[in-house]
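When the count follows the working numbering, it moves up by one through the first sequence with no breaks and lands on 489 for the last residue. Let me begin by presenting the structure, written as structure tokens, before commenting on it.
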Amino acid sequence: MRIFNTLTRQKEEFVPIRDGEVGIYACGPTVYNFFHIGNARPFVVFDTLRRYLLWRGYNVTFVQNFTDIDDKMINRAREENITVPELAQRFIEEYYRDADALGIKRADIAPRATEHIGDIITMIQTLIGKGHAYESDGDVYFSVPSMPEYGKMSAQSLDDLESGARVDVTDRKRNPLDFALWKAQKPNEPAWDSPWGLGRPGWHIECSAMSMKYLGDTFDIHAGGVDLVFPHHVNEVAQSEAATGKPFVHYWMHNGHINVNNQKMSKSLNNFFTVRDIAREYDMMAVRLFLLSAQYRSPINFSEEMIEQATNALTRIRNAMELLLRTQGLDDDAGEAEHLLIESLPIYRKRFIEAMDDDLNTADALGVVFELVREANISFASGGSGEGAKSTLSMLQELLGVLGIDAQQHKEDIPKEIVALAEKRMQARDNKDYREADRLRDEITALGYMMEDTVQGPVIKKA
RNA sequence: GGCGCCAUAGCCAAGCGGUAAGGCAGAGGUCUGCAAAACCUCCACCCCCAGUUCAAAUCUGGGUGGCGCCUCCA
Numbered sequence: 027m028r029i030f031n032t033l034t035r036q037k038e039e040f041v042p043i044r045d046g047e048v049g050i051y052a053c054g055p056t057v058y059n060f061f062h063i064g065n066a067r068p069f070v071v072f073d074t075l076r077r078y079l080l081w082r083g084y085n086v087t088f089v090q091n092f093t094d095i096d097d098k099m100i101n102r103a104r105e106e107n108i109t110v111p112e113l114a115q116r117f118i119e120e121y122y123r124d125a126d127a128l129g130i131k132r133a134d135i136a137p138r139a140t141e142h143i144g145d146i147i148t149m150i151q152t153l154i155g156k157g158h159a160y161e162s163d164g165d166v167y168f169s170v171p172s173m174p175e176y177g178k179m180s181a182q183s184l185d186d187l188e189s190g191a192r193v194d195v196t197d198r199k200r201n202p203l204d205f206a207l208w209k210a211q212k213p214n215e216p217a218w219d220s221p222w223g224l225g226r227p228g229w230h231i232e233c234s235a236m237s238m239k240y241l242g243d244t245f246d247i248h249a250g251g252v253d254l255v256f257p258h259h260v261n262e263v264a265q266s267e268a269a270t271g272k273p274f275v276h277y278w279m280h281n282g283h284i285n286v287n288n289q290k291m292s293k294s295l296n297n298f299f300t301v302r303d304i305a306r307e308y309d310m311m312a313v314r315l316f317l318l319s320a321q322y323r324s325p326i327n328f329s330e331e332m333i334e335q336a337t338n339a340l341t342r343i344r345n346a347m348e349l350l351l352r353t354q355g356l357d358d359d360a361g362e363a364e365h366l367l368i369e370s371l372p373i374y375r376k377r378f379i380e381a382m383d384d385d386l387n388t389a390d391a392l393g394v395v396f397e398l399v400r401e402a403n404i405s406f407a408s409g410g411s412g413e414g415a416k417s418t419l420s421m422l423q424e425l426l427g428v429l430g431i432d433a434q435q436h437k438e439d440i441p442k443e444i445v446a447l448a449e450k451r452m453q454a455r456d457n458k459d460y461r462e463a464d465r466l467r468d469e470i471t472a473l474g475y476m477m478e479d480t481v482q483g484p485v486i487k488k489a
């Protein structure tokens with residue numbers, strides 16, 4: 027597999043540190059609110075990466091943190107008049123509710139910053155001991171000039187950064203670029219005891235401490251949104267490598283943004299859509315399909331129209347799967363088209379792999395899936411062998427499963443009254459009383475269901 | 001000001017030197033009692049201008065237009 031590595035700004039062949047094993051750390055949410063569709067992109071994209079690597083036979087350890095202490099947490103807790111831990115607990119639960127709906131597998135390890143204060147303190151002590159950090163009035167800062175390579179990943183030299191520095195200038199810092207590892211307690215803030223007095227960890231240090239704790243000093247893949255490259259990830263690299271003297275991460279992956287009207291979606295512009303709100307109106311699997319419809323590094327525009335397009339595309343997949351499902355019960359002879367399709371199933375798999383191997387090109391991979399859908403429709407339109415339908419369906423499900431798209435229509439019980447109406451309609455139809463049949467179908471439609479007459483008989487679906 | 005990214009049909013989106021995948025929408029048709037679904041056909045001189053090459057959407061240079069990062073941010 028080839029992965030675009032932000033470190034080198036090019037696609038590189040992915041070679042894991044240990045054969046057959048992959049360690050991935052993905053920056054998770056700050057749990058102070060519902061997450062928006064822009065937040066959802068990395069969750070879905072890197073979940074897809076994980077699923078793909080697992081499918082290819084790797085033993086994957088996937089770590090995604092919860093940031094449960096920072097300014098946003100403290101402010102929000104105050105507004106809500108609850109404690110920070112209460113806020114965190116609530117939005118971790120809400121995170122899982124939305125993430126589950128999007129088909130995001132739960133991380134193998136989901137560490138919380140507040141549960142790793144000890145690890146963080148130990149790491150800060152190491153940095154101070156090695157001369158890469160210093161205490162100042164209860165704060166601890168990382169000394170950026172102590173790492174000459176600083177900023178390499180963001181393609182910015184120390185000089186560039188210094189000239190354009192817009193960071194807070196505090197007299198506690200020796201250099202404006204230095205960043206906080208530990209922040210002394212301010213009035214009414216949650217705090218933990220430390221060698222520098224009461225305080226709390228800075229943002230960047232938690233990811234370094236937790237990722238290395240669970241994945242080792244050097245691990246394979248670290249992922250997140252592009253906006254995290256600087257300063258978050260740059261700082262992680264600096265402090266981690268300063269602490270261990272070893273390379274921190276081999277491959278850095280960064281997803282592009284989701285825009286609204288070609289503008290970045292952000293809280294300050296107030297143009298964001300939470301996944302929770304979208305879920306009220308749209309199928310979450312369509313949302314996932316939308317998120318995977320472009321290669322993960324390119325920016326994509328969010329709009330209702332895009333979700334509707336994805337919804338219709340999803341329906342096309344579902345229709346084909348239903349056709350295959352119905353055909354499974356049949357015992358017709360396989361036609362020529364079917365034979366050809368069955369023979370070419372491995373080719374679809376191969377093309378799918380080629381697409382995914384190319385830096386997780388899900389857009390291309392989806393193209394392969396849709397071609398398979400069309401061939402399935404052609405081959406099984408008027409019957410076919412149950413066996414053939416079964417293998418086609420399982421290939422389709424396998425590929426969709428890698429993308430995390432559960433296209434299986436969830437079997438809902440059709441209410442008895444609807445079934446009764448459908449039976450009456452069948453009788454009317456058999457009697458060639460089409461007027462009555464159509465009237466009954468309209469009635470069913472009005473009740474929120476759909477009737478379709480297929481080769482295998484009538485089908486009732488929820489509209 | 002510094003550092004990057006992008007520009008393919010009405011809307012999305014692959015393509016990475018050999019003559020434009022796929023999805024949505026639209027038009028016509030086939031099938032069907034009618035619908036629906038499905039299938040078939042149609043719908044792109046790849047932002048502009050130069051250059052390299054037998055051959056460029058694909059490489060180079062220059063424009064133009066959009067976006068991002070440099071500050072909390074997925």
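Just so you know, even glycine gets a beta-carbon here, dropped at the ideal spot from N, CA and C.
From A463, P68, M173, pick the residue whose C-alpha is nearest to that of A125; which is it? Walking along the first sequence from the start, residue 125 turns up at place 99. Residue P68 is the option with its Cα nearest to A125.
Alpha-carbon spacing of T109 relative to I95, whole angstroms: Within the first sequence, residue 109 is the residue found at index 83, counting from 1. Within the first sequence, residue 95 is the residue found at index 69, counting from 1. Here the C-alpha atom of T109 lies approximately 11 Å from the C-alpha atom of I95.
Please confirm whether G377 and M421 have their CB atoms less than 8 Å apart. Looking up residue 377 in the first sequence gives position 351. Looking up residue 421 in the first sequence gives position 395. With the sequence shown as reference, residue 377 is identified as Arg, and Gly is not the correct amino acid for it. M421 is positioned such that its CB atom lies no closer than 8 Å to that of R377.
Between which two residues does the beta strand (DSSP E) holding F30 run? The residue given as residue 30 occupies position 4 in the first sequence. Start and end: 28–31.
Where does the unbroken beta strand (DSSP E) through Q36 begin, and where does it stop? The count along the first sequence starts at 1 and reaches residue 36 at position 10. DSSP places Q36 inside the beta strand (DSSP E), whose first and last residues are 36–39.
Backbone secondary structure at F274 - three-state DSSP: Counted from its first residue, the first sequence places residue 274 at position 248. Note: F274 maps to coil in three-state DSSP.
Whole beta strand (DSSP E) runs in the region 53–122 with 3 or more residues, listed along the chain? Qualifying beta strand (DSSP E) stretches, in chain order: 85–90.
Alpha carbon to alpha carbon, how far is K37 from V170? Sequence index remark: in the first sequence, residue 37 carries index 11 (1-based). Sequence index remark: in the first sequence, residue 170 carries index 144 (1-based). Rounded to the nearest whole angstrom, the C-alpha separation of K37 and V170 is 29 Å.
Could you have a look at S234 and say whether DSSP puts it in helix, strand or coil? Taking the first residue of the first sequence as position 1, residue 234 is located at position 208. Three-state result, S234: helix.
What are the boundary residues of the alpha helix (DSSP H) that H365 is part of? Within the first sequence, the letter at position 339 stands for residue 365. Its alpha helix (DSSP H) spans residues 362–383.
If you follow the alpha helix (DSSP H) that I143 is part of, which residue opens it and which one closes it? For the purposes of this step, residue 143 is identified with residue 117 of the first sequence, where counting begins at 1. I143 -> alpha helix (DSSP H) spans 143–155.
Alpha helix (DSSP H) containing I43: first to last residue? By 1-based counting over the first sequence, the position of residue 43 is 17. Where I43 is concerned, there is no enclosing alpha helix (DSSP H), given that its DSSP letter is neither H nor E.
Assess, as a yes-or-no matter, whether the region 55–65 is touched by the region 117–132 under the definition of 3 or more beta carbon pairs within less than 8 Å. Pairwise C-beta distances place the region 117–132 in contact with the region 55–65, as three or more of them are shorter than 8 Å.
Neighbour-count burial assignment, N31, 16 or more Cβ in a 10 Å radius: Looking up residue 31 in the first sequence gives position 5. If you draw a 10 Å sphere on the C-beta of N31, you find 16 or more other C-beta atoms in it, and that means buried.
Give the DSSP bridge partners of F205, in chain order. As a first step, residue 205 must be located in the first sequence, where it is residue number 179. Bridge partners of F205: F168.
So for Y160, helix, strand or coil by DSSP? Here residue 160 is taken as the residue at index 134 of the first sequence, counted from 1. Looking at Y160 - three-state DSSP - the assignment turns out to be strand.
I need the DSSP call for Q453, collapsed to helix, strand or coil. Here residue 453 is taken as the residue at index 427 of the first sequence, counted from 1. Of the three classes helix, strand and coil, the one that applies to Q453 here is helix, per DSSP.
Within 10 angstroms of the Cβ of Y51, are there 16 or more other Cβ atoms? Answer buried if so, exposed if not. Here residue 51 is taken as the residue at index 25 of the first sequence, counted from 1. Under this definition Y51 is a buried residue.
Span of the alpha helix (DSSP H) around G393: Counting from 1 along the first sequence, the entry for residue 393 is found at position 367. Start and end: 388–406.
Residue range of the beta strand (DSSP E) that F245 falls in? Counting from one through the first sequence, the residue named residue 245 turns up at place 219. 245–251 is the span of the beta strand (DSSP E), which, as asked, contains F245.
Pairwise C-alpha distance: K209 and R102: Here the question's residue 102 lines up with position 76 in the first sequence. Here the question's residue 209 lines up with position 183 in the first sequence. R102 and K209 have their C-alpha atoms some 19 Å from each other.
Consult DSSP for A264 and reduce its assignment to one of helix, strand or coil. In the first sequence, counting from the first residue as 1, residue 264 sits at position 238. If DSSP states are grouped into helix, strand and coil, A264 belongs with the helices.
Which one of V70, A360, G483, I373 has the shortest CA to CA distance from K416? If you number the first sequence from 1, residue 416 lands on position 390. It is A360.
Of the residues A312, K487, E362, which one's Cα is nearest the Cα of I333? By 1-based counting over the first sequence, the position of residue 333 is 307. The shortest Cα separation from I333 among A312, K487, E362 belongs to A312.
When DSSP labels each residue in this structure, what does W229 get in the three-state scheme? Reading the first sequence from its first residue, position 203 is the one you call residue 229. Helix, per DSSP.
Measuring CB atoms only, is the region 464–474 touching the region 441–450, in the sense that at least three cross pairs come out at less than 8 Å? yes
Neighbour-count burial assignment, G190, 16 or more Cβ in a 10 Å radius: Translated into the one-based positions of the first sequence, residue 190 becomes position 164. Reliability of the predicted coordinates at G190 is poor, the pLDDT of 49 falling under 50, and the value obtained from them is presented with this limitation in mind. By the 10 Å Cβ count, G190 comes out exposed.
To the nearest angstrom, how far is the alpha carbon of R77 from that of L429? Start at 1 with the first residue of the first sequence, and residue 77 comes out as number 51. Start at 1 with the first residue of the first sequence, and residue 429 comes out as number 403. Rounded to the nearest whole angstrom, the CA to CA distance from R77 to L429 is 7 Å.
Quick one: residues in its chain with C-beta nearer than 8 Å to the C-beta of N297, no 5 flanking neighbours on either side, listed in chain order? To locate residue 297, count along the first sequence from 1; it is residue 271. Closer than 8 Å at Cβ, skipping near neighbours: V286, N287, Q289, M291.
Please check the pair A433 and M347, which I expect to be a contact at CB under 8 Å, by giving their CB distance rounded to whole angstroms. Position 407 of the first sequence, counting from 1, holds the residue named residue 433. Position 321 of the first sequence, counting from 1, holds the residue named residue 347. With 8 Å as the limit, A433 and M347 qualify as a contact, their Cβ atoms being about 6 Å apart.
Where A402 falls, given that 16 or more other Cβ within 10 Å makes a residue buried: Taking the first residue of the first sequence as position 1, residue 402 is located at position 376. Per the 10 Å Cβ criterion, buried.
Three-way DSSP call (helix, strand, coil) for Y308 in this model: Indexing the first sequence from 1 puts residue 308 at position 282. Reduced to three states, the DSSP call for Y308 is coil.
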